[in-house]
Amino acid sequence: MWKKKEVIPDYITQNVSEDLIKLVDMVKIYDTGSIKVLGLKRVNLTIKRGEFVAIMGQSGSGKSTLMNILGCLDRPTMGHYFLDGIDTADLPSDDLSAIRNRKIGFVFQSFNLISRTSALKNVELPMTYAHISKKAREKRALELLERVGLGTRYEHMPNELSGGQRQRVAIARALANEPPLILADEPTGNLDSASSVEIMELFSKLHNEGATVVLVTHEEDIAAFTNRIIRFRDGSLVSDTPNIPVSKREKEESEEPEEPEEPEEPEYQSGDALC
Amino acid sequence: MLFENMTMAVHAIKANKMRSLLTMLGIIIGIGSVIAIVSIGDTMRFMISDIYKDVGTTLAYVYIWPSDGSDMRQSDYFSVDDIDRIREVYKDEITYIDSSSQQNVEAVFGRNKVKFALEGIGSNYPNVHKINIIYGRNLNEGDIKGRKNHVVLEAEGAKELFGTENAVGKSFRTTIYGDTDDYDVVGVYRKEENPFLAMVNGSSENKEGYLPESILVWPNDTIYNIRLYAKEGTDMNSFSDRFSQYIAKSKNRKREDVTFYSVSSEMGSVDQIMGGLSAAVGGIAAISLLVGGIGIMNIMLVSVTERTREIGIRKALGAKTWDVMVQFLTESAILSAMGGIIGVITGAGLVFLGGTLLGMTVVIKPMVIIIAVGFSALVGVFFGIYPASKAAGKDPIEALRYE
Ligand SMILES: Nc1ncnc2c1ncn2[C@@H]1O[C@H](COP(=O)(O)OP(=O)(O)O)[C@@H](O)[C@H]1O
Ligand SMILES: [Mg+2]
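As they're listed, the protein sequences go chains A and B. Residues 1 to 275 in my numbering are what the first sequence lists, from first letter to last. Residues 1001 to 1403 in my numbering are what the second sequence lists, from first letter to last.
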């Protein structure tokens, strides 16, 4: 009675598409009863595997709406969203849960760790819902915490960790089931600039290791870490431009000897020393 | 996953210890009272069967009692011949039968006078009723057939009369049916009285003893009441029917005019009393379980609201409707089962304490405990369904936005 047989359709577990994200004439309308709010207007967008994308725009421009749909937390009102080739428009909510579990790693602005639950248990959570054995779960969770630089703090509760550390636990958790897509909605919004840089360095590293990362930000400094910047205004996609990430720019700039040091540099190092 | 859910549930319950305990209170009282009453019933039943194990579970008294309230007829009484006939006819089913005779006498030894209730018995009475002889011997066939003035006395009475428990060989003087004569003590026995029986009977001022039935009953006597022991293992209900029918026929009476009073009819009335008590306490228990269940539902609803964000996170990370449902059902089941366990400990503890104070052997059946705890878990599951489905049905986006 307690265990329901896990049935995951094959299409969820198989990687089928080079285009990890494909939005086709996608519209999102919020029906609040009295008035209908247009969240997103007819968005067409393709993100390939391995891209590092920033979504930018003013408050209310539709960034979170887009992220909810990309994250399969919400469904498009019209048009289609293909995630890894799967049309998510008409899937039942339990199938969407399975897709979120296998294909998406979430990183939130407010961390969203489960309170009074250790870092280790938090990282294990997506694997628990994937029915991975306790031993394998623990082993992988420890590895992941190691990877984000928290190998010794696995027993800590979220309230015993700093903001930057919490966000790193959240990133470790997002990586748990090795999802092809990492979605981060303002991941540095609640962090000081030093921790923000740390977190962005971590995302850059993940991207360099092959992960597809899509993040929302309204800070140009943060978007500067990515390879592609997509801007929204009033629910419409207004610009989509490639970007040379800061890390590469720094390298190019450092080849010019007359350029002074970047002002962020000392902050970045003190932040690194913190952990 | 089940284990995960259970540790999670215990975690959540521990996080709010006082709240959890108060929530369990209804369940504790409900289960506690059920355990108490069931155990009291089992203890009583055990004690009564224990008492009648000493007395004999196949003991019965039979007499005529006109059901229409009319007077007794001369023929309603039994004669020694009647008893002999019954003994012959039912020799395969009745192991012992007598005239149920008894005399209260005053025994005199020197200056000592002690009142005795002397019971008249047949020679094989010790076979059906244990008499714990400590000095001398039981009455035997020779004593009975020969109508000998031989008695067996209970130790306390012997000591009071003769100044010593070992009164074998001593004799006292008394008057039975107007004849004063000397009676010889051939044996002394010790009575082991069940504490419960002692409590019920109170202390009688008469001491006890046995003498040959033949001294108390003469062939032309009229006997009101016969006492019999059916063969061990006899179904007393069906035997009672057949035997009463037989007596009714031989006495030219209706079946209803024959009273067959046996231990099993006594046990039946005990069950009736316990049944009434059980119904009353069962009602209280049902109400407290209902109240307890509603309390659990209420606190689970609070918990679901408080943990809206957690639910959102879990769903975002891949928890399905069923996963969330089971998580909260497990929590309410464990909350309720913990209440059940505390209730069992409280209820059983009180019964045990009471039993120990009264010097009784308390009967608490493991099965009753298992059923009680299992049932309380079921109460938790039942009253957890609504809160759990509320949790499971939450929209992840809304839930994640919850502050
Ligand atoms: N649940 C909702 N119900 C109604 N309107 C909503 C809802 N969520 C967002 N909106 C509206 O959709 C638009 C886009 O919002 P959002 O995606 O949250 O913007 P952003 O994240 O860029 O600040 C806004 O006009 C907002 O008011
Ligand atoms: Mg937003």
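Ideal Cβ placement from N, Cα and C applies to all residues, glycine included.
Host alpha helix (DSSP H) of residue i (start-end)
{"i": "H207 of chain A", "result": "193-208"}
{"i": "D1143 of chain B", "result": "1141-1145"}
{"i": "P126 of chain A", "result": "119-129"}
{"i": "A136 of chain A", "result": "134-147"}
{"i": "V169 of chain A", "result": "163-174"}
{"i": "N68 of chain A", "result": "63-70"}
{"i": "E220 of chain A", "result": "220-223"}
{"i": "Y1246 of chain B", "result": "1236-1250"}
{"i": "V1373 of chain B", "result": "1366-1392"}
{"i": "S97 of chain A", "result": "93-103"}
{"i": "F1328 of chain B", "result": "1321-1358"}
Interface flag, residue i vs chain A, CB-CB below 7 Å
{"i": "A1457 of chain B", "result": "Chain B is shown only over 1001 to 1403; residue 1457 of chain B falls outside these bounds and no answer can be derived."}
{"i": "T1305 of chain B", "result": "no"}
{"i": "I1364 of chain B", "result": "no"}
{"i": "E1403 of chain B", "result": "no"}
{"i": "T1321 of chain B", "result": "yes"}
{"i": "G1318 of chain B", "result": "yes"}
{"i": "E1310 of chain B", "result": "yes"}
{"i": "I1273 of chain B", "result": "no"}
{"i": "H1004 of chain B", "result": "The question names His, but residue 1004 of chain B in the sequence shown is Glu. So yes, E1004 of chain B belongs to the interface."}
{"i": "P1396 of chain B", "result": "yes"}
{"i": "I1334 of chain B", "result": "no"}
Residue i and residue j closer than 7 Å at C-beta
{"i": "R228 of chain A", "j": "N208 of chain A", "result": "no"}
{"i": "A1107 of chain B", "j": "T1180 of chain B", "result": "no"}
{"i": "I1027 of chain B", "j": "S1336 of chain B", "result": "yes"}
{"i": "S1033 of chain B", "j": "V1281 of chain B", "result": "yes"}
{"i": "T63 of chain A", "j": "T46 of chain A", "result": "In the sequence on display, residue 63 of chain A carries Lys and not Thr. Not in contact: K63 of chain A and T46 of chain A (Cβ atoms no closer than 7 Å)."}
{"i": "R173 of chain A", "j": "V148 of chain A", "result": "no"}
{"i": "T1023 of chain B", "j": "T1234 of chain B", "result": "no"}
{"i": "A1377 of chain B", "j": "A1348 of chain B", "result": "no"}
{"i": "R1253 of chain B", "j": "S1100 of chain B", "result": "no"}
{"i": "N1166 of chain B", "j": "Y1135 of chain B", "result": "yes"}
{"i": "I1296 of chain B", "j": "F1383 of chain B", "result": "yes"}
{"i": "K103 of chain A", "j": "P180 of chain A", "result": "yes"}
{"i": "P1396 of chain B", "j": "L113 of chain A", "result": "no"}
{"i": "S1039 of chain B", "j": "I1364 of chain B", "result": "yes"}
Segment limits, beta strand (DSSP E) that includes residue i
{"i": "M157 of chain A", "result": "Looking at the DSSP string, M157 of chain A is not in any beta strand (DSSP E), and its letter there is neither H nor E."}
{"i": "A54 of chain A", "result": "52-57"}
{"i": "K1207 of chain B", "result": "1207-1212"}
{"i": "I185 of chain A", "result": "The residue asked about is misnamed: residue 185 of chain A is Asp in this sequence, not Ile. From DSSP, the beta strand (DSSP E) with D185 of chain A extends over 181-185."}
{"i": "T241 of chain A", "result": "236-242"}
{"i": "A1012 of chain B", "result": "Run containing A1012 of chain B: none in the beta strand (DSSP E); it sits in the alpha helix (DSSP H), 1002-1015."}
C-alpha distance - residue i paired with residue j, whole-angstrom precision
{"i": "R153 of chain A", "j": "G1318 of chain B", "result": "25 Å"}
{"i": "S270 of chain A", "j": "L175 of chain A", "result": "Because the pLDDT of S270 of chain A is 37, which lies under 50, any placement of that residue in the model is unreliable, and the number read from its coordinates should be weighed accordingly. Going by the C-alpha atoms only, they are around 26 Å apart."}
{"i": "M127 of chain A", "j": "L1289 of chain B", "result": "38 Å"}
{"i": "K1249 of chain B", "j": "I1341 of chain B", "result": "58 Å"}
{"i": "I29 of chain A", "j": "R42 of chain A", "result": "11 Å"}
{"i": "R1147 of chain B", "j": "W1218 of chain B", "result": "10 Å"}
{"i": "A1316 of chain B", "j": "D1271 of chain B", "result": "59 Å"}
{"i": "E1256 of chain B", "j": "D1081 of chain B", "result": "24 Å"}
{"i": "L215 of chain A", "j": "I199 of chain A", "result": "12 Å"}
{"i": "E201 of chain A", "j": "P1387 of chain B", "result": "43 Å"}
{"i": "L150 of chain A", "j": "E220 of chain A", "result": "28 Å"}
{"i": "K1130 of chain B", "j": "T1361 of chain B", "result": "22 Å"}
{"i": "R1045 of chain B", "j": "E124 of chain A", "result": "55 Å"}
{"i": "A1399 of chain B", "j": "G50 of chain A", "result": "31 Å"}
Test: residue i CB closer than 7 Å to a CB of chain B
{"i": "R147 of chain A", "result": "no"}
{"i": "D74 of chain A", "result": "yes"}
{"i": "D84 of chain A", "result": "no"}
{"i": "I114 of chain A", "result": "yes"}
{"i": "D90 of chain A", "result": "no"}
{"i": "T188 of chain A", "result": "no"}
{"i": "K4 of chain A", "result": "Because the pLDDT at K4 of chain A is just 49, under 50, the model does not fix this residue reliably, and the point stays unresolved."}
{"i": "F106 of chain A", "result": "yes"}
{"i": "R140 of chain A", "result": "no"}
{"i": "D94 of chain A", "result": "yes"}
Problem set entry | Any heavy atom of ligand 4 within less than 6 Å of residue CB: hits in chain order | In terms of ligand content, the structure shown lacks ligand 4 and carries ligand 1 and ligand 2 instead.
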